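These notes concern the structure reproduced below.
Residue numbers (our numbering): 18 to 214.
Written as structure tokens, this is what we have:
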């Protein structure tokens, strides 16, 4: 009876005709179980539609462990309960650490990959920790305007001005523990400050 059950639940053998079609088009792999489309990129698997925050959020809440591509200037802002984190290139996202995410904002041309090995996962966790430590250096400053300017400078150094301008003030504010108004104030060009008396 057990051998009967084993036979019944074994996956179907691959169809050779489907394999030849798939090898002709490496981007045409079937959708993943949770509806996230997957494509082959060299050896790694990459999410096709990283522009849809709902799809990314669903994958994170499902506990999928992904890494932000280290070959692009991209990242992911992760909104948690009372703060936000930035996961930059090479960072791990998801797994058991980001199930409490309530919102995500893709930054740049986001590409998420499934880590291939234990070493890849370890490296991605270390890189995520480095991004968190970098942000912590900004939050160690006591003046809120200084924290706001530092996070904006960091993003403007790494990303183009248009990408930084698209990110909401609230995202930066939640990363460094300031009010969104402080970020707006820090974004203003010098000389444009109007103080009410």
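Backbone N, C-alpha and C define an ideal beta-carbon position, used for all residues, glycine too. As the structure is a prediction and not an experimental result, all values here were calculated from the model.
From residue 192 to residue 96, what distance separates their C-alpha atoms?
Here residue 192 corresponds to residue number 175 of the chain shown, with the count starting at 1. Here residue 96 corresponds to residue number 79 of the chain shown, with the count starting at 1. When rounded, the distance between both Cα atoms is 9 Å.
In three-state DSSP terms, what is residue 103?
Locating residue 103 in the chain shown gives position 86, counting from the first residue. Residue 103 falls in the strand class under three-state DSSP.
Under 8 Å between C-beta atoms of residue 122 and residue 184:
Translated into positions along the chain shown, residue 122 becomes position 105. Translated into positions along the chain shown, residue 184 becomes position 167. In contact: residue 122 and residue 184 (Cβ atoms closer than 8 Å).
Straight-line gap, residue 142 to residue 170 (C-alpha atoms, nearest Å):
Here residue 142 refers to the residue found at position 125 when the chain shown is read from its first residue. Here residue 170 refers to the residue found at position 153 when the chain shown is read from its first residue. One C-alpha to the other measures close to 25 Å.
By Cβ distance below 6 Å, which residues in the same chain neighbour residue 101 in space, the five residues on each side in sequence not counted?
Along the chain shown, read from residue 1 onward, the residue named residue 101 stands at position 84. Hits under 6 Å: 94, 188, 191 and 192.
Applying the criterion that 16 or more other CB atoms from any shown protein chain within 10 Å of the CB defines a buried residue, is residue 164 buried or exposed?
Translated into the one-based positions of the chain shown, residue 164 becomes position 147. Counting the other Cβ atoms within 10 Å of the Cβ of residue 164 gives 16 or more, which makes it buried.
Stretch-stretch touch, CB-based, cutoff 8 Å, three pairs: the stretch 123-143 with the stretch 65-75
yes
Can you find the residues in the same chain that come closer than 7 Å, C-beta to C-beta, to residue 104, ignoring five residues on each side of it along the sequence?
Looking up residue 104 in the chain shown gives position 87. Excluding positions up to five away in sequence, the list reads 85, 92, 93, 95, 110, 145 and 148.
In whole angstroms, give me the CA-to-CA distance for residue 119 and residue 81.
Walking along the chain shown from the start, residue 119 turns up at place 102. Walking along the chain shown from the start, residue 81 turns up at place 64. Each residue's alpha carbon lies about 15 Å from the other.
Could you pull the start and end residues of the beta strand (DSSP E) that residue 85 belongs to?
Along the chain shown, one-based indexing puts residue 85 at 68. 82-85 is the span of the beta strand (DSSP E), which, as asked, contains residue 85.
Mind checking whether residue 177 and residue 200 have CB atoms under 8 Å apart?
On the chain shown, position 160 is the one that residue 177 refers to. On the chain shown, position 183 is the one that residue 200 refers to. The answer is no: Cβ separation not under 8 Å.
C-alpha gap between residue 175 and residue 79, whole angstroms
Reading the chain shown from its first residue, position 158 is the one you call residue 175. Reading the chain shown from its first residue, position 62 is the one you call residue 79. Roughly 30 Å separates the two Cα atoms.
Distance between residue 181 and residue 140 (C-alpha atoms, nearest Å)
For the purposes of this step, residue 140 is taken as residue 123 along the chain shown, with counting starting at 1. For the purposes of this step, residue 181 is taken as residue 164 along the chain shown, with counting starting at 1. Here the alpha carbons of residue 181 and residue 140 stand approximately 27 Å from one another.
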